[in-house]
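A quick write-up on the structure given underneath.
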Amino acid sequence: MKNRMKTLALAGSALLLAAGVGAGGAEAASATPTSTRAPAACFDVLHSYSKPSGYGYYPTNGTRLTTTSRCADINISPRAGAYIAVCFHPSSGSEYCNGYTWAPANQYTVVASGVRDGTQFYFAFRSTAASSGGWAA
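In terms of our numbering, the sequence shown has 90 at position 90, counting the first letter as 1, and numbering is strictly consecutive.
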């Protein structure tokens, strides 16, 4: 009987800890990083893109896209999976690109994180095949 009570007590404690109740539960919940997911406001304004075949970048007309205060990251959702990088055009200094990131089809993927508001950029694609989808920044 004593062993059964110990087992029940341990099981109950484990459930409380798993639920975040008990010593330090509130701190543990607030310490969960929020940067792993873009805030909902980021996806309130989605942009579509259509890159024709023969081009390795978007936009193809030489203009740049600009980040906003809605997103801390640059996100893209191609209709077909693709390797995509982000190239930055700073107000001073040389243009530079980050490494390619695999962006699966039909889901938003962070291709650059911690980007300042008002940053000019464009998408670089590893393939020159046509690509379309959406982006948010």
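Just so it is clear, CB atoms sit at the ideal spot from N, CA and C, and this is done for glycine as well.
Treat the numbers as computed from the prediction; the structure is a model and nothing was measured.
Beta-carbon separation of residue i and residue j under 7 Å?
| i | j | result |
| --- | --- | --- |
| Ser86 | Val45 | Residue identity differs from the one stated: residue 86 is Val in this sequence, not Ser. Their beta carbons are not under 7 Å apart, which means Val86 does not touch Val45 by this criterion. |
| Thr67 | Ala137 | yes |
| Arg126 | Tyr57 | no |
| Asn75 | Tyr122 | no |
| Pro104 | Gly81 | yes |
Can you look up residue i in the DSSP assignment and give me helix, strand or coil?
| i | result |
| --- | --- |
| Ala124 | strand |
| Ser131 | strand |
| Cys87 | strand |
| Cys71 | coil |
| Gly118 | coil |
| Ala136 | strand |
| Ala112 | strand |
| Ala80 | coil |
| Ala103 | strand |
Would you mind working out which of the options sits nearest residue i, comparing C-alpha positions?
| i | options | result |
| --- | --- | --- |
| Gly62 | Ile76, Asp73, Trp135, Phe88 | Phe88 |
| Trp102 | Cys71, Tyr55, Ala124 | Ala124 |
| Arg70 | Pro104, Val115, Tyr122 | Val115 |
| Thr119 | Gly81, Arg79, Leu65, Ala105 | Leu65 |
| Ser113 | Pro90, Thr128, Ala72 | Ala72 |
Classify residue i as buried or exposed, calling it buried when 16 or more other Cβ atoms lie within 10 Å of its own Cβ.
| i | result |
| --- | --- |
| Asp117 | exposed |
| Ser92 | exposed |
| Pro78 | buried |
- Task: State whether the stretch 41-58 contacts the stretch 90-99, with contact taken as three or more CB pairs (one from each stretch) at a distance under 8 Å.
- Result: No contact exists between the stretch 41-58 and the stretch 90-99.
- Message: Counting beta carbon pairs with one atom in the stretch 127-135 and one in the stretch 46-57, are three or more of them shorter than 8 Å?
- Response: With the cut-off at 8 Å, the stretch 46-57 and the stretch 127-135 touch.
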